[in-house]
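Quick note: my numbering has the sequence shown finishing at residue 1515, numbered continuously throughout. Ideal Cβ placement from N, Cα and C applies to all residues, glycine included.
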Amino acid sequence: MVRWLQAALLGAVVVLVATACGSARARAVPDVTGNRLDVAEDTLDASGLHYRTAGGGAFGIIVRSNWYVCEQTPPPKKVAKTVVLTVARSCPDLGIYGDSFFDDEDEDCEDDCWEWDS
């Protein structure tokens, strides 16, 4: 009786592991190029796709919202199970310059702005 119970439990564990470790189904890849990495990951998760990142600098990716997707493989609308996201702090080809010391977002600061001395 004990051996039968052990065999049944082992079979149940094997079935659970096999279904939990299944791979994603191939799906159309959404366009996440130009998105912040955290937003791109959320989009791919919602689409049921696996992903991995390439890039990330010397220290790797610590704060995901500080990185942008400059390129994705495969490109949008192709069918795949996994997407590779190439990330950087800025993507000049896409017009994305990230958080830069040289941003001019705060143009109305007048006397409080720091400027380079010529």
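| field | Local conformation of residue 1491 per DSSP, three classes | value | helix
| field | Spatially closest choice to residue 1486 from 1458, 1474, 1473, by CA coordinates | value | Checked all of 1458, 1474, 1473; the closest Cα to residue 1486 is 1458.
| request: State the CB to CB distance for the pair residue 1453 and residue 1429, rounded to an integer number of angstroms; the pair is presumed to be in contact (CB under 8 Å). | output: The distance from the Cβ of residue 1453 to that of residue 1429 is about 16 Å, inconsistent with a contact at the 8 Å cut-off.
| Between the C-alpha atoms of residue 1495 and residue 1443, what's the straight-line distance to the nearest angstrom? | 25 Å
| said: Helix, strand or coil, according to DSSP, for residue 1433 in the structure here? | reply: strand
| task | Report all residues from its chain with a CB closer than 8 Å to the CB of residue 1476; omit the five preceding and five following residues, and keep chain order. | result | Cβ-Cβ distances below 8 Å link residue 1476 to 1423, 1424, 1425, 1426 in the same chain, with the five nearest sequence neighbours on each side left out; the list follows chain order.
| request: Quick one: measure Cβ to Cβ for residue 1434 and residue 1480, integer angstroms, because I've assumed they're closer than 8 Å. | output: Actually they do not touch by this definition, with Cβ atoms about 12 Å apart.
| Same chain only: Cβ atoms within 6 Å of residue 1464, ignoring 5 sequence neighbours per side | 1434, 1458, 1484
| message | Quick check: the Cα distance between residue 1456 and residue 1474, rounded to an integer number of angstroms? | response | Separation of residue 1456 and residue 1474 (C-alpha to C-alpha, rounded to the nearest whole angstrom) is 32 Å.
| Do residue 1437 and residue 1491 have their CB atoms nearer than 9 Å? | no
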